[in-house]
Ligand SMILES: [Zn+2]
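Residue numbers (my numbering): 7 to 373.
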């Protein structure tokens, strides 16, 4: 069974729509053999950061529907121990055993319509990127995501409901220092017209550019130095988007059964059809950046580097991590110094963000 989510990454008709490279399913996917070849590598000698790892203060349940199936889906985010990272506990809906699927690029099973973790022919979890973006964007290191369905709930098509849930339950610092992945050498990836580069940078920067023929989108670029404040204010509310004709096509194929104006920005030719319009003037590129944050969370730790993508999508995002991990000289672990209790970012994770007014929708969104 194919993965079922829909993302505007995938629309064929446009210059940037390069995600429907059918056939990309990790042939040698090692779902239960997560590559940890350098996990025990000694951290580099440039331990300048002082953050500790974080997890949630308590469990929290989030309910919604899957964008593909239209069926109910619920997740429970649980606190998790230091060093465990983000792991999905996929509850079996049949006779099969429940399965733990670490959120790691080695476990990516499909990237055509969304990012899928696990084996698409067996137990898998689809549309993980918006949840992962929220966890990474809000700087939450360790979480166990219990899920009873094949798709993470699409909610409003953005990361905002997950951010709200994280804030509601709160986060707590753990004793272990945060473990970063520092990019040491530039790596590149491309397919079709899409290309990406991940290069050394003393921070976490995303630089995303898209170029669609539709005048409703056109050419857009957004650059963000990632902090929880920036993520919550400038990125988290950006919704996935798609074209009306594409939605009809996907529905005819049995996909996108759960998609609607409530969880997608819908475009017809040069018009946005949602009554409320856009949440940001350049909501499209911000959503692509959101996707990139979620997909690159599959590095397994917070990245120190600059990621630039042009006309990218889930496949390209996955490819750049594969390129990074292809050579151990490309990266190293870097543990934050633990002597000081000072977060990397200027506000504690989960703290109220005081700039919300600036991130209100251009016009009130329907969702
Ligand atoms: Zn998305």
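Positions of the beta carbon are idealized from the N, C-alpha and C atoms, including for glycine.
If you compare alpha carbons, which of the options is closest to residue i?
i           : options            : result
residue 294 : 111, 121, 128      : 121
residue 299 : 153, 145, 116      : 145
residue 245 : 229, 252, 269, 235 : 269
residue 111 : 123, 68, 133, 104  : 123
residue 81  : 202, 67, 128, 93   : 67
residue 65  : 172, 58, 90        : 172
residue 58  : 76, 88, 84, 78     : 88
residue 314 : 281, 274, 206, 282 : 206
residue 131 : 198, 221, 278, 93  : 93
residue 152 : 134, 265, 284      : 134
residue 250 : 276, 85, 282       : 276
Which of the three DSSP states, helix, strand or coil, is assigned to residue i?
i           : result
residue 255 : helix
residue 16  : Confidence is the limiting factor: at residue 16 the pLDDT is only 35, short of 50, which leaves the residue's position unreliable, though a coordinate-based value still follows. DSSP places residue 16 in helix when its eight states are reduced to three.
residue 22  : Unreliable positioning characterises residue 22 in this predicted model, as indicated by a pLDDT of 35, which lies under 50. A coordinate reading is not provided.
residue 298 : helix
residue 97  : coil
residue 181 : strand
residue 70  : strand
residue 340 : strand
residue 189 : strand
residue 199 : coil
residue 59  : strand
residue 29  : Low local confidence applies: a pLDDT of 24 at residue 29 is under 50, so the model's placement there is unreliable, with the coordinate-based value given in what follows. In the structure shown, residue 29 sits in coil (DSSP, three-state: anything other than H, G, I, E or B).
Can you tell me where the beta strand (DSSP E) holding residue i begins and where it ends?
i           : result
residue 153 : 149-153
residue 281 : It is not in any beta strand (DSSP E) - residue 281 carries neither H nor E in the DSSP assignment.
residue 84  : 78-85
residue 2   : Nothing in the structure corresponds to residue 2, since the chain is present only between 7 and 373.
residue 102 : First-last for residue 102: undefined, no H or E at that position.
residue 212 : 210-217
residue 207 : Element bounds for residue 207: n/a, residue is neither H nor E.
Which two residues bound the contiguous alpha helix (DSSP H) that contains residue i?
i           : result
residue 174 : 166-175
Start-end ranges of the alpha helix (DSSP H) lying completely within the stretch 222-276, minimum 4 residues: Listed in chain order, the alpha helix (DSSP H) runs fully inside the stretch 222-276 are 250-258, counting runs of at least 4 residues.
Give, in chain order, every unbroken run of the alpha helix (DSSP H) that is at least 4 residues long and sits entirely within the stretch 106-161. Complete alpha helix (DSSP H) runs here, min 4: 135-143.
On the three-pair Cβ rule with 8 Å, is the stretch 324-339 touching the stretch 303-311? A contact exists between the stretch 324-339 and the stretch 303-311.
Fully enclosed by the stretch 288-337, which beta strand (DSSP E) runs are 3 residues long or longer? Restricted to the stretch 288-337, the beta strand (DSSP E) segments that are unbroken, complete and at least 3 residues in length are 308-316, listed in chain order.
Are the stretch 141-161 and the stretch 231-239 in contact at 8 Å, needing three or more beta carbon pairs? Yes, they touch.
Is there contact here, the stretch 208-217 with the stretch 118-138, by at least three beta-carbon pairs under 8 Å? Judged by pairs of C-beta atoms under 8 Å, the stretch 208-217 does not touch the stretch 118-138, as fewer than three such pairs exist.
Three Cβ pairs or more, each shorter than 8 Å: is that satisfied between the stretch 181-191 and the stretch 69-78? They do not touch, by the three-pair rule.
Does the count of Cβ pairs from the stretch 193-202 and the stretch 110-124 closer than 8 Å reach three? No, the stretch 193-202 does not touch the stretch 110-124.
The stretch 215-234 contacting the stretch 252-260, beta-carbon criterion three pairs below 8 Å: Taking a cut-off of 8 Å on C-beta distances, the stretch 215-234 does not touch the stretch 252-260, as fewer than three cross pairs fall below it.
Is it a yes or a no for the stretch 282-291 touching the stretch 221-232, going by three-plus beta-carbon pairs under 8 Å? As far as the Cβ criterion goes, the stretch 282-291 touches the stretch 221-232, which means the pair count is three or higher.
Are there three or more Cβ pairs, one per stretch, closer than 8 Å when the stretch 154-174 is compared with the stretch 319-329? By the C-beta criterion, the stretch 154-174 is judged not to be in contact with the stretch 319-329, since fewer than 3 inter-stretch pairs fall below 8 Å.
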